[in-house]
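Before any comments, here is the structure.
In this note's numbering, the protein residues as written are 5 to 252.
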């Protein structure tokens with residue numbers, strides 16, 4: 005849509021007037037886009053919002069450019085975050101939370117020159133040659149700035165990571181199912197052991213009966229092979245002068 009046809013919307017934020025284009029208010033999903041999409045919203049002029057106008061300049065610039073120049077103090081950042089949450093601007097809320105996390109860590113409270121000591125300045129108009137072991141201040145300051153940014157970014161990411169992690173909830177149902185499965189496995193092992201023991205016991209009995217049967221069978225076969233006229237005497241009926249019979 006051309007800016008010539010873009011409607012100008014008048015806003016009354018806490019008694020202070022702001023003028024902007026309708027397309028600016030429609031860029032982000034939030035308070036103003038929902039309001040302008042409701043029937044009859046075009047009849048409201050100006051649009052009154054009962055909020056403090058102190059930080060609305062930052063909010064409006066964010067909707068225009070997609071980025072904002074955030075305040076440097078923790079109190080102002082928290083107040084701006086409250087306004088951004090009211091207007092439902094998620095991206096601005098994330099930016100404020102990130103800066104608040106940096107200040108909460110306390111990096112800004114400690115001067116960076118106390119972490120990395122200052123280096124004596126080497127005058128560029130010095131006629132003497134600069135020694136090899138001396139680093140120019142411009143180079144060192146650039147390296148120090150990169151180190152500072154990396155440290156800040158790492159600490160912020162760690163803080164956001166730990167803040168976003170929630171303790172895992174204890175799942176009673178899974179724990180109960182695990183206990184039931186373990187009990188069933190133990191019972192199954194005991195049942196298998198009992199079946200194996202019973203089978204071994206039956207096999208042992210069968211083997212014993214088989215041995216007894218084979219022994220009786222050998223005795224029976226030996227008896228059948230003897231001649232018909234061989235007499236067997238009981239040992240109790242024999243005397244000391246008993247003479248065994250002669251097989252004919």
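In this text, a Cβ means the ideal position worked out from N, Cα and C, and glycines have one as well.
Q.
Run through the DSSP bridge pairs and tell me what residue 20 is partnered with.
A. In the chain shown, counting from the first residue as 1, residue 20 sits at position 16. Listed as beta-bridge partners of residue 20 by DSSP are 17.
Q: Assuming residue 93 and residue 63 form a contact by the criterion Cβ under 8 Å, report the distance between their Cβ atoms to the nearest whole angstrom.
A: Your numbering for residue 93 matches position 89 in the chain shown. Your numbering for residue 63 matches position 59 in the chain shown. Right, the Cβ-Cβ distance comes to about 7 Å (below 8 Å), so this counts as a contact.
Q. Are residue 101 and residue 70 touching if we call contact CB-CB under 9 Å?
A. Here the question's residue 101 lines up with position 97 in the chain shown. Here the question's residue 70 lines up with position 66 in the chain shown. At a Cβ-Cβ threshold of 9 Å, residue 101 and residue 70 do not count as neighbours.
Q) Which two residues bound the contiguous beta strand (DSSP E) that contains residue 53? A) For the purposes of this step, residue 53 is taken as the residue at position 49 of the chain shown. Here the beta strand (DSSP E) through residue 53 covers 51–53.
(Q) Buried or exposed for residue 87, going by 16 or more other Cβ atoms inside 10 Å? (A) Along the chain shown, one-based indexing puts residue 87 at 83. With 16 or more other Cβ atoms within 10 Å, it is buried.
**Q.** Unbroken alpha helix (DSSP H) run spanning residue 28, endpoints
**A.** The residue given as residue 28 occupies position 24 in the chain shown. 26–29 is the span of the alpha helix (DSSP H), which, as asked, contains residue 28.
Q. Is the region 14–22 touching the region 34–54 in the sense that three or more CB pairs, one from each, lie closer than 8 Å?
A. Yes, the region 34–54 touches the region 14–22.
**Q.** Neighbourhood of residue 34 by C-beta distance below 7 Å, restricted to the same chain and skipping five residues each side
**A.** One-based indexing of the chain shown puts residue 34 at position 30. Leaving aside the five residues that flank residue 34 on each side, the residues in its chain whose CB is nearer than 7 Å to its CB run, in chain order, 91, 92, 93.
Q: Closer than 6 Å by C-beta to residue 73: which residues in its own chain qualify, once you throw out the five before and the five after it? Chain order, please.
A: Position 69 of the chain shown, counted from the start, is the residue given in the question as residue 73. Counting only Cβ-Cβ distances below 6 Å, and skipping sequence neighbours, we find nothing.
Q: Identify, in the order they occur along the chain, each residue of the same chain with its Cβ nearer than 7 Å to the Cβ of residue 129, setting aside the five sequence neighbours on each side.
A: Position 125 of the chain shown, counted from the start, is the residue given in the question as residue 129. Caution applies to residue 129, whose pLDDT of 48 falls short of 50 and renders its modelled position unreliable; the value that the coordinates give is listed next. Here the set comprises nothing.
Q) Considering only residues of the same chain and omitting the five flanking positions on each side of residue 192, which have a CB-CB separation below 6 Å? A) Translated into the one-based positions of the chain shown, residue 192 becomes position 188. Closer than 6 Å at Cβ, skipping near neighbours: no residue.
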